[in-house]
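Take a look at the structure set out below.
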Amino acid sequence: MSKTIYILNGPNLNLLGKRQPEIYGHDTLADVEANCAKVGQENGLSVTLMQSNHEGEIVEMIHAARDNAAGIIINPAAYSHTSVAILDALNTFEGPVLEVHISNIHKREEFRHHSFVSARAEGVIAGCGVNGYALAMRHMGTLLS
Ligand code: DQA
């Protein structure tokens, strides 16, 4: 039976593909999901992709992952830089956590340079565009094999 990976996405990522394409590209979250499912198949992993604009909902998705997922890939978006609640929730999860940012947050405004979530993540991928999600899926395959 394949292991399930939760791919969680924070605020404004529902607009991926339409939102500031010069920074985030033209692919949509549906494209990300299809690509990650393909990589998952090659690694015996299935994916459940979710997005929310609400911090508490993301906390609840992480709680659900405790019973339903072997690993979490998370792009907390703007909550990366503000949310101790998401960090605390991730600290209740026992499997591997990989953090993804589509843009290179270290090349952008200073307020984006710090992520609370990085203190919990096994690895962080930033600046590889939406391909970062597929890279994280591949690495998740290694971590869980
Ligand atoms: C982001 C970077 C964040 O600073 C920003 O708030 C986002 C997206 C990224 O994927 O590059 O919404 O996490």
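Residue numbers (our numbering): -17 to 127.
The beta carbon of each residue, even a glycine, is placed where N, CA and C say it ideally should be.
These numbers were taken from a predicted model, which means no experiment stands behind them.
TODO: Taking Q33 as the reference, give the member of A59, E4 and S100 with the closest Cα.
DONE: A59
- [ ] Report yes if the CB atom of I55 is closer than 9 Å to the CB atom of L11, and no otherwise.
- [x] no
Task: Within 9 Å, strictly: CB atoms of Y115 and A51 - done: no
Open item on the list: Taking its Cβ as the centre, do 16 or more other Cβ atoms sit within 10 Å of G(-8), making it buried, or is it exposed?
Closed with: buried
- [ ] Would you mind stating whether S65 and E81 have Cβ atoms separated by less than 9 Å?
- [x] no
- [ ] Say yes only if the C-beta of S85 is nearer than 8 Å to one or more non-hydrogen atoms of the ligand DQA, and no if none qualify.
- [x] yes
TODO: Identify the continuous beta strand (DSSP E) that holds K(-15) and give its terminal residues.
DONE: K(-15) to N(-9)
Open item on the list: So T(-14) and S28 are supposed to be a Cβ contact under 8 Å. How far apart are they, rounded?
Closed with: 5 Å
- [ ] Kindly list the residues whose CB is nearer than 8 Å to the CB of E15, restricted to its own chain and excluding five residues on each side of it in sequence; keep chain order.
- [x] I(-11), V29 and L31
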